[in-house]
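Protein chains in written order, with this note's numbering: chain A, 13 to 120; chain B, 79 to 194. As structure tokens, the structure follows; a few thoughts come after it.
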Amino acid sequence: AQRVTQPEKLLSVFKGAPVELKCNYSYSGSPELFWYVQYSRQRLQLLLRHISRESIKGFTADLNKGETSFHLKKPFAQEEDSAMYYCALRGYGQNFVFGPGTRLSVLP
Amino acid sequence: DAMVIQNPRYQVTQFGKPVTLSCSQTLNHNVMYWYQQKSSQAPKLLFHYYDKDFNNEADTPDNFQSRRPNTSFCFLDIRSPGLGDAAMYLCATSLRTGITLNTEAFFGQGTRLTVV
Chain A
13 AQRVTQPEKL LSVFKGAPVE LKCNYSYSGS PELFWYVQYS RQRLQLLLRH
63 ISRESIKGFT ADLNKGETSF HLKKPFAQEE DSAMYYCALR GYGQNFVFGP
113 GTRLSVLP
Chain B
79 DAMVIQNPRY QVTQFGKPVT LSCSQTLNHN VMYWYQQKSS QAPKLLFHYY
129 DKDFNNEADT PDNFQSRRPN TSFCFLDIRS PGLGDAAMYL CATSLRTGIT
179 LNTEAFFGQG TRLTVV
């Protein structure tokens, strides 16, 4: 079975503090992992994908196959990072499976 | 320059009264998805089209149907909405070449369905 878990429903940090949003997955093959972000009143949009190995808006995420994790990190959070973050997996049938999401609140 | 457009943004329907939600795209993507998202839950895939091929998820109730008359449009039909069907419905698209999906999923803004 393919499944994505995000243990934190809500994460609050102060501006300038480091942030880590956790994501774990279960999948028997080699998955493709994504982070999607949804800002207030906007559509769900791609933040980054593991195969790109890029940093977007200061965020990075590393796929750890041993721990089946794909945690999202940023060294210095900004207020504009406040949003809903979804971890997603593309696996069987080439469909996207989403985690329940973590709401990040960056406090001034 | 919206690429995936869902109409309407908000839909109120009566219990048991059929309702249709629509989605259009300007990306010329060959895959279109419908997700259901209830409050504080993950988006849940209902079904998807690869070109004209319809792929239903095993646990999608028969109450939910879909139509894709052409590449640009896809509809979600709920034949007899129940109170439990109140949710945000998300349409998304992606491009597939052969067995490989080349792009991420592009989402519309969603339609929030209320059942009264």
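By construction, the Cβ of each residue, glycine as well, lies at the ideal position given by its N, Cα and C atoms. Bear in mind the structure is a predicted one, so any value in this text is a computation, not a measurement.
Residues of chain A with CB closer than 9 angstroms to the CB of residue i, please, in chain order.
i: Ser25 of chain B; result: No answer is possible for residue 25 of chain B: it lies beyond the span of chain B, which begins at 79 and ends at 194.
So, is residue i buried or exposed, given that buried needs 16 or more other C-beta atoms within 10 angstroms?
i: Tyr51 of chain A; result: exposed
i: Gly188 of chain B; result: buried
i: Ala136 of chain B; result: exposed
i: Ser118 of chain B; result: exposed
i: Thr104 of chain B; result: exposed
i: Ala95 of chain A; result: buried
i: Ile63 of chain A; result: exposed
i: Asn107 of chain A; result: buried
i: Thr175 of chain B; result: exposed
i: Asp93 of chain A; result: buried
i: Gln84 of chain B; result: buried
i: Phe125 of chain B; result: buried
i: Gln18 of chain A; result: buried
i: Phe82 of chain A; result: buried
i: Ser117 of chain A; result: exposed
Which chain A residues are close to residue i, counting only those with a beta carbon under 7 angstroms from its beta carbon?
i: Pro42 of chain B; result: One cannot answer for residue 42 of chain B here, as it falls past the ends of chain B, which runs 79 to 194.
i: Gln187 of chain B; result: Arg55
Name the chain B residues whose beta carbon is nearer than 7 angstroms to that of residue i?
i: Leu101 of chain A; result: Ordered by position in chain B, no residue passes the 7 angstroms Cβ test against Leu101 of chain A, which lies about 11 angstroms from the chain.
i: Asn107 of chain A; result: Leu123, His126
i: Gly113 of chain A; result: Ala120
i: Arg65 of chain A; result: Those within 7 angstroms of Arg65 of chain A in chain B number zero; the least Cβ separation is about 15 angstroms.
So which residues on chain B does residue i lean against when the C-beta distance must stay under 9 angstroms?
i: Phe46 of chain A; result: Glu182, Ala183
i: Lys21 of chain A; result: Ser118
For residue i, which residues in chain A fall below 8 angstroms Cβ to Cβ?
i: Leu168 of chain B; result: Leu56
i: Gln89 of chain B; result: The premise fails here: Gln89 of chain B is roughly 17 angstroms from chain A at the closest Cβ pair, so nothing lies under 8 angstroms.
i: Gly162 of chain B; result: Those do not exist, as Gly162 of chain B stays about 18 angstroms from chain A at its closest Cβ, beyond 8 angstroms.
What three-state label does DSSP hand residue i in the structure shown?
i: His197 of chain A; result: Given a span of 13 to 120 for chain A in the structure shown, any question on residue 197 of chain A remains unanswerable.
i: Asp131 of chain B; result: strand
i: Glu44 of chain A; result: strand
i: Leu161 of chain B; result: helix
i: Glu32 of chain A; result: strand
i: Asp155 of chain B; result: strand
Could you name the residues that DSSP lists as bridge partners for residue i?
i: Asn67 of chain B; result: This structure gives no information on residue 67 of chain B, because the portion of chain B shown stretches from 79 to 194.
i: Ser38 of chain A; result: A:Arg15
i: Tyr98 of chain A; result: A:Tyr48
i: Arg115 of chain A; result: A:Leu22, A:Met96
i: Lys86 of chain A; result: A:Val31
i: Gln114 of chain B; result: B:Lys122, B:Tyr167
Is it true that the stretch 92-105 of chain A meets the stretch 41-50 of chain A, where meeting means three or more beta-carbon pairs spaced less than 8 angstroms apart?
-> Counting Cβ pairs under 8 angstroms, three or more are found: they touch.
Decide yes or no for the touch test of the stretch 74-94 of chain A against the stretch 132-152 of chain B: beta carbon pairs closer than 8 angstroms, at least 3 of them.
-> The stretch 74-94 of chain A, when compared against the stretch 132-152 of chain B, does not touch it at the 8 angstroms Cβ threshold.
Count the CB pairs spanning the stretch 84-103 of chain B and the stretch 156-167 of chain B that are closer than 8 angstroms, and state whether there are at least three.
-> Flag = yes, the stretch 84-103 of chain B and the stretch 156-167 of chain B touch.
Should the stretch 72-82 of chain A be called in touch with the stretch 20-30 of chain A, which here means at least 3 C-beta pairs below 8 angstroms?
-> Counting Cβ pairs under 8 angstroms, fewer than three are found: no touch.
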